[in-house]
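Protein chains: 4
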Amino acid sequence: MSSVRVAINGFGTIGKRVARAIQAQPDMSVSGVTKTGPSHGCGLAQRLNLPLYCTSDDLEDIAAFEKGGYNVEGGLSDLLANSDIVIDCAPGKMGQSNHQKYVDAGIKHIFQGGEKHSLTGLSYTSSANHKENIDAKGTRVVSCNTTGLARTLIPLRDATGELSVECTMIRRAADPGDSRKGPINAIAPVLKVPSHHGPDLMTVAGGIGITSLAVAVPTTIMHVHSIVVELPGGHGMTTDSVLDLWAKTPRVISMSGSIDKIPSTAEVMEMARDIGRPWGDLHEIFVWTDGASLDGNTLRYFQAIHQESDVIPENVDAVRALMGMEHDWRASVEITDSSIAASLV
Amino acid sequence: MSSVRVAINGFGTIGKRVARAIQAQPDMSVSGVTKTGPSHGCGLAQRLNLPLYCTSDDLEDIAAFEKGGYNVEGGLSDLLANSDIVIDCAPGKMGQSNHQKYVDAGIKHIFQGGEKHSLTGLSYTSSANHKENIDAKGTRVVSCNTTGLARTLIPLRDATGELSVECTMIRRAADPGDSRKGPINAIAPVLKVPSHHGPDLMTVAGGIGITSLAVAVPTTIMHVHSIVVELPGGHGMTTDSVLDLWAKTPRVISMSGSIDKIPSTAEVMEMARDIGRPWGDLHEIFVWTDGASLDGNTLRYFQAIHQESDVIPENVDAVRALMGMEHDWRASVEITDSSIAASLV
Amino acid sequence: MSSVRVAINGFGTIGKRVARAIQAQPDMSVSGVTKTGPSHGCGLAQRLNLPLYCTSDDLEDIAAFEKGGYNVEGGLSDLLANSDIVIDCAPGKMGQSNHQKYVDAGIKHIFQGGEKHSLTGLSYTSSANHKENIDAKGTRVVSCNTTGLARTLIPLRDATGELSVECTMIRRAADPGDSRKGPINAIAPVLKVPSHHGPDLMTVAGGIGITSLAVAVPTTIMHVHSIVVELPGGHGMTTDSVLDLWAKTPRVISMSGSIDKIPSTAEVMEMARDIGRPWGDLHEIFVWTDGASLDGNTLRYFQAIHQESDVIPENVDAVRALMGMEHDWRASVEITDSSIAASLV
Amino acid sequence: MSSVRVAINGFGTIGKRVARAIQAQPDMSVSGVTKTGPSHGCGLAQRLNLPLYCTSDDLEDIAAFEKGGYNVEGGLSDLLANSDIVIDCAPGKMGQSNHQKYVDAGIKHIFQGGEKHSLTGLSYTSSANHKENIDAKGTRVVSCNTTGLARTLIPLRDATGELSVECTMIRRAADPGDSRKGPINAIAPVLKVPSHHGPDLMTVAGGIGITSLAVAVPTTIMHVHSIVVELPGGHGMTTDSVLDLWAKTPRVISMSGSIDKIPSTAEVMEMARDIGRPWGDLHEIFVWTDGASLDGNTLRYFQAIHQESDVIPENVDAVRALMGMEHDWRASVEITDSSIAASLV
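Residue numbers (this note's numbering), protein chains in the order written: chain A, 11 to 355; chain B, 11 to 355; chain C, 11 to 355; chain D, 11 to 355.
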């Protein structure tokens with residue numbers, strides 16, 4: 011099979027990571043990435059040998075790149091014309107207008123979780139609904155938080171039946187590279203109750219009734235979920251069998267806070283840096299084995315989410331679904347993850 | 011009635027606050043406070059005109075105060091001999107040995123929530139079990155977190171019936187005056203699941219089944235609770251009637267995050283500083299009105315707890331219970347709180 | 011002498027503190043405070059028995075207060091007409107237009123350090139230039155940082171002669187009640203080199219050549235200054251005699267980090283809360299005795315600045331200067347500080 | 011020339027980074043790394059194909075690795091016997107006893123900046139004294155802070171003459187993977203004045219008189235230095251020529267806070283993650299071009315130090331010095347840095 015050409019529209023926190031993950035795959039290549047103008051990120055694109063395009067088709071905007079010292083291949087239309095599919099990694103609020111552009115260009119498209127489900131009417135998570143997305147025109151990879159919930163809850167649902175979930179999300183208030191946002195010394199509840207995070211899971215997975223509450227706290231590195239699950243009666247599980255289930259689940263890492271000396275997200279992120287992925291990313295959801303406890307039908311556990319990167323491999327899988335390249339989600343995940351691993355030093 | 015003489019054993023974060031609250035009451039006085047040796051806190055005791063005693067009876071220890079430039083009235087035994095009741099505000103791990111001293115001295119005693127319920131076999135919260143504590147020999151005022159849960163859950167239970175509660179506690183990792191503890195940039199789950207915090211409520215209140223999970227976050231100023239309550243069927247409540255209920259509940263303040271511009275614990279604490287209590291304390295539990303939502307039988311809400319001070323007025327009420335001074339908890343709360351308010355400038 | 015009537019235009023972080031400090035004085039009273047509209051702060055004004063006025067004279071604006079449930083006495087013009095002097099505590103950028111209003115009303119006026127020296131052509135610090143300000147029409151109390159520098163440097167200059175100073179200011183990035191500003195986990199240099207902070211001292215004091223650099227760090231509670239002073243040759247001082255000098259200086263507190271267990275600004279602020287001033291304020295500049303060292307002609311030391319309150323007593327003294335009530339700065343400081351102390355419980 | 015065999019004793023924050031940097035070099039290889047027992051880090055060693063040894067020679071200690079599921083090649087003595095030189099990356103306080111072991115084994119050795127200069131009587135910084143270290147028996151690579159000062163000050167000294175420097179170090183209080191240390195919301199001055207950091211530079215470089223003060227702040231990612239340099243009269247430099255000088259200096263990166271949108275260390279570290287080095291490291295010292303200003307003879311500037319990694323390439327160069335492999339420091343730096351760059355994806 012010849013390589014699928016993937017355009018990446020937007021080259022920031024998510025775009026740059028998706029680009030490197032696509033580059034590592036045997037069955038796809040990056041046809042180009044876009045920036046709005048000459049800036050720091052253009053240098054990164056060049057270092058990674060990624061063809062650079064302008065987010066707009068305006069000739070003056072395009073010319074600005076050359077003046078800034080960067081080679082540019084053209085505008086968004088040029089990029090779309092040379093591509094089989096586009097992954098939209100633009101900042102929020104651009105979804106509606108970008109969607110129209112993709113539809114007009116007749117190109118398949120993948121949005122991120124910042125956009126609403128209604129934009130495409132279809133959402134995506136590898137383990138939840140890969141099949142539903144096969145050959146679709148467009149989809150939306152759900153947010154980092156929803157992806158995290160899917161990773162640990164879907165195998166539980168598959169093993170036991172319908173679940174009822176309450177989740178409190180303790181969210182990092184700003185990304186590591188952002189020095190403007192606070193708070194410095196406070197906890198800020200999200201005063202929309204329940205929050206939108208949990209219910210978003212239902213856009214990709216049935217059989218899980220879920221409600222969530224959220225607070226923002228002064229940290230930059232990971233979200234933590236505190237989760238309470240009601241399993242159906244006669245579930246036949248124990249704490250250990252739940253942990254075994256997750257141990258066999260792709261993109262879930264479980265370790266002990268006490269034995270492995272990982273008491274907080276600080277140590278989780280340090281462990282991730284040791285793995286050696288670009289930007290010190292952790293694509294996996296982290297579960298503390300000594301933070302999980304099944305009591306009767308009620309399972310309680312903590313998990314940590316690397317908000318900058320857990321959706322990255324999902325975007326790769328979504329390309330395979332929409333392009334009809336691989337119908338089995340486990341097979342796609344296996345290619346995606348082993349190719350990324352092989353690309354590391 | 012002549013004034014009840016209250017000894018305060020330990021003059022740190024809790025002890026100094028309890029002392030000022032007792033000083034403000036018309037029916038009690040502080041017979042003395044203890045320190046282990048000459049230090050900064052002794053100056054505070056003198057400024058507040060609080061008789062100073064040594065935590066031990068050792069003559070050398072006592073003499074050390076004079077050398078440090080502080081007048082000292084004697085040792086703990088001397089203080090207990092001049093007092094009707096003692097409030098133990100010693101740091102953790104001293105409970106067992108201090109308890110024996112109080113029993114030997116034949117004096118009534120009140121411990122703090124750092125000690126276990128089993129130490130005295132009795133615990134105390136004004137709104138939960140004041141009556142049970144009348145004329146008791148000794149009791150334990152429950153922790154700041156348990157006190158916070160009691161304040162909002164007990165009126166709900168009284169209004170509707172048996173409750174089932176899941177709570178996630180987002181805890182400040184260190185007190186404002188403590189520069190040693192971290193984390194600086196992380197979230198640390200409490201890897202004992204469920205945590206001990208919620209169930210402690212059952213030592214003072216029946217009819218509330220509660221489980222809790224906890225994480226520590228990099229802030230010094232308040233705990234936040236994210237609470238999910240299952241009300242009994244036929245409860246007849248609405249979100250508004252729940253908020254009305256709390257508006258009438260002593261030691262609960264509810265305000266709007268959006269209208270009153272209090273989006274986080276930073277602004278809650280600033281509002282508290284405006285009240286003018288010593289140390290900028292907030293004795294009340296803070297509930298965000300726009301963070302509460304009743305959906306069917308499920309109530310979800312956030313509350314913030316000033317970990318340094320919500321138990322202070324409870325200690326005053328506990329004195330009245332153990333000394334048999336006031337049998338009605340609402341009457342005691344009214345005297346305690348209005349006396350503290352009158353003592354402010 | 012009859013009481014001088016002081017208007018306070020603006021009732022936020024500085025205004026509320028100045029109001030309480032004025033209320034505590036025997037020779038002045040607060041004629042009123044202003045708010046832009048009905049809000050949380052109006053309740054505080056009422057609790058403190060401070061007559062409330064509207065920042066504007068617009069009748070609709072004024073009427074809004076009544077609708078919000080607050081009694082209002084009128085607009086700014088009404089307040090100025092009933093006052094002998096006005097202290098401007100409005101947020102930044104209002105200086106120019108407010109200044110014109112005060113001039114038009116023919117009322118004496120005091121601005122805060124957020125305004126430029128050129129607005130009034132005169133600035134004020136109690137220990138630096140009280141005399142220069144006697145009977146002046148208007149002045150500006152310098153900023154918290156400049157006030158801090160004046161407190162420790164002016165006595166040094168008076169004792170030894172002309173000083174040359176380099177200062178690095180490690181600034182709290184946001185106030186305690188502000189949850190919007192970051193950074194959460196970063197250090198942000200002020201990329202204007204040198205910064206404006208140090209040289210501002212020269213608006214009130216001669217004989218001190220000073221340059222400063224500044225960084226913002228993720229803390230809310232105090233600024234810290236790292237100061238290097240070149241004393242003139244033949245200064246005759248030792249580290250101990252410098253510490254003695256500061257011990258005798260009003261509004262400077264010096265304590266030992268190791269002996270008094272005050273290793274950081276967290277413990278400094280806790281010590282301040284023990285003093286019992288409203289909002290836990292520390293009007294004094296805090297110097298670590300074990301952080302000062304004189305080596306040849308070079309003195310190095312650290313000091314901590316409570317950014318919310320060190321200028322408060324300076325505003326009181328400035329009233330006495332402009333109104334010609336007290337010509338000796340030390341006498342004014344003595345009245346101001348002892349009156350504030352006497353007002354505490 | 012055959013490859014020099016480098017042993018790395020200690021495989022933590024510094025050891026793991028040094029190992030990867032050595033692996034990237036054409037003229038050296040890692041003969042082995044040591045751990046005290048089976049733990050997380052052993053897995054990293056295996057993933058990087060680094061022969062694993064036990065820190066001790068005790069047979070029981072060695073056997074513990076196999077029980078933990080890790081292959082181990084032997085004890086420290088075995089490793090030293092198979093190596094040409096050892097880089098000591100043990101935690102502090104081990105220097106004295108390890109030094110004796112290396113002397114006894116007759117092996118060349120390099121210590122880190124946590125040890126004192128007196129341990130080996132010789133210290134090392136590439137740009138300062140590579141020549142002095144040629145063929146030496148043992149040396150010490152200076153600390154991250156001293157290395158940072160050397161990078162920007164030595165070229166200045168070489169261009170102008172003797173320098174006099176005052177530096178305030180605003181230090182990160184804990185490393186990113188450490189959740190135990192605080193403070194959460196405070197600034198802690200280092201109450202040894204002056205601090206040891208600056209003067210340590212004199213162990214590697216003459217002609218620079220330097221004094222330093224230090225504070226710790228609640229951040230995990232970088233130190234910032236606020237530096238004031240007195241250049242000799244007749245220096246002939248301008249702000250621009252100083253910036254040009256640094257632009258040509260190896261291992262110094264200078265960018266604009268405003269134009270490049272790098273206002274704080276958060277954005278500096280994000281830029282570093284884009285470079286793609288393992289752990290997101292920044293080996294270079296970062297200087298803000300708009301934070302530097304030369305006024306007469308006085309130069310003021312800010313620089314940021316990645317405390318986990320700026321010394322890593324220096325260790326590689328130090329191997330070349332002690333082994334007599336390359337006598338010219340610039341040539342060694344060129345090989346080191348280009349080899350590391352080539353090893354990145």
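We put the beta carbon where it would ideally sit given N, CA and C, even for glycine.
Distance CB(residue i)-CB(residue j) smaller than 8 Å
{"i": "B:D98", "j": "B:G20", "result": "yes"}
{"i": "D:S39", "j": "D:V16", "result": "yes"}
{"i": "C:H177", "j": "C:I220", "result": "It should be pointed out that residue 177 of chain C corresponds to Cys in this sequence rather than to His. Their beta carbons are under 8 Å apart, which means C:C177 touches C:I220 by this criterion."}
{"i": "B:S189", "j": "D:P193", "result": "yes"}
{"i": "D:V214", "j": "D:T135", "result": "yes"}
{"i": "C:V262", "j": "C:C154", "result": "no"}
{"i": "B:I285", "j": "B:I315", "result": "no"}
{"i": "A:V4", "j": "A:S133", "result": "As shown, chain A starts at 11 and ends at 355. That puts residue 4 of chain A outside it, with no answer to give."}
{"i": "A:N81", "j": "B:T229", "result": "no"}
{"i": "D:F121", "j": "D:R150", "result": "yes"}
{"i": "D:F312", "j": "C:P199", "result": "yes"}
Continuous alpha helix (DSSP H) stretch holding residue i: start and end
{"i": "A:K77", "result": "69 to 77"}
{"i": "C:W256", "result": "249 to 257"}
{"i": "B:Q313", "result": "Segment 308 to 315 is the beta strand (DSSP E) holding B:Q313; no alpha helix (DSSP H) there."}
{"i": "D:W339", "result": "339 to 353"}
{"i": "D:D168", "result": "154 to 170"}
Where the beta strand (DSSP E) containing residue i begins and where it ends
{"i": "A:C177", "result": "173 to 182"}
{"i": "B:T221", "result": "218 to 227"}
{"i": "C:M38", "result": "38 to 45"}
{"i": "A:K118", "result": "118 to 121"}
{"i": "A:A17", "result": "14 to 19"}
{"i": "A:I295", "result": "295 to 298"}
Whole-angstrom C-beta distance between residue j and residue i, which should lie under 8 Å
{"i": "C:H207", "j": "C:T156", "result": "7 Å"}
{"i": "C:K147", "j": "C:K111", "result": "At roughly 14 Å, the Cβ-Cβ gap does not stay under 8 Å, so C:K147 and C:K111 are not in contact."}
{"i": "B:D327", "j": "B:S349", "result": "At roughly 12 Å, the Cβ-Cβ gap does not stay under 8 Å, so B:D327 and B:S349 are not in contact."}
{"i": "B:V329", "j": "B:I24", "result": "About 14 Å; that fails the 8 Å criterion."}
{"i": "A:D291", "j": "A:S274", "result": "Not really, about 18 Å apart at Cβ, beyond 8 Å."}
{"i": "C:E83", "j": "C:L62", "result": "6 Å"}
{"i": "D:M279", "j": "A:P186", "result": "7 Å"}
{"i": "C:V43", "j": "C:A34", "result": "In fact, because the Cβ distance is near 15 Å, the residues do not count as touching under 8 Å."}
{"i": "D:L304", "j": "D:T259", "result": "Going by Cβ atoms, the distance from D:L304 to D:T259 rounds to 16 Å, so no, they are not a contact pair."}
{"i": "D:S266", "j": "D:T299", "result": "5 Å"}
According to DSSP, residues forming a beta bridge with residue i
{"i": "B:A198", "result": "B:A226"}
{"i": "B:I95", "result": "B:V16, B:K118"}
- Near-chain C residues of the region 182 to 195 of chain B (beta-carbon distance less than 9 Å), N- to C-terminal order: The residues in question are A184, D185, P186, G187, D188, S189, R190, I194, N195.
- Item | Near-chain D residues of the region 200 to 219 of chain B (beta-carbon distance less than 7 Å), N- to C-terminal order | Under the 7 Å Cβ criterion, the region 200 to 219 of chain B contributes no residue.
- Message: Counting only Cβ-Cβ distances shorter than 8 Å, please list the residues of the region 92 to 117 of chain A near chain B, keeping chain order.
- Response: Hits within the stretch: zero.
- Item | Residues, ordered as in the chain, of the region 240 to 274 of chain A that lie near chain D by beta-carbon distance below 9 Å | Here the close residues are M265, D270, K271, I272, P273, S274.
- Please name the residues in the region 284 to 295 of chain C whose beta-carbon is closer than 7 Å to at least one beta-carbon of chain B, in chain order. Contact annotation: in the region 284 to 295 of chain C, residues whose CB is within less than 7 Å of a CB in chain B are D284, G286, P288, W289, G290.
- Query: Which residues, in order along the region 48 to 61 of chain D, keep a beta-carbon less than 7 Å from a beta-carbon of chain A?
  - Reply: For the region 48 to 61 of chain D, the set of residues with a beta-carbon nearer than 7 Å to any beta-carbon of chain A comprises H50, L54, in chain order.
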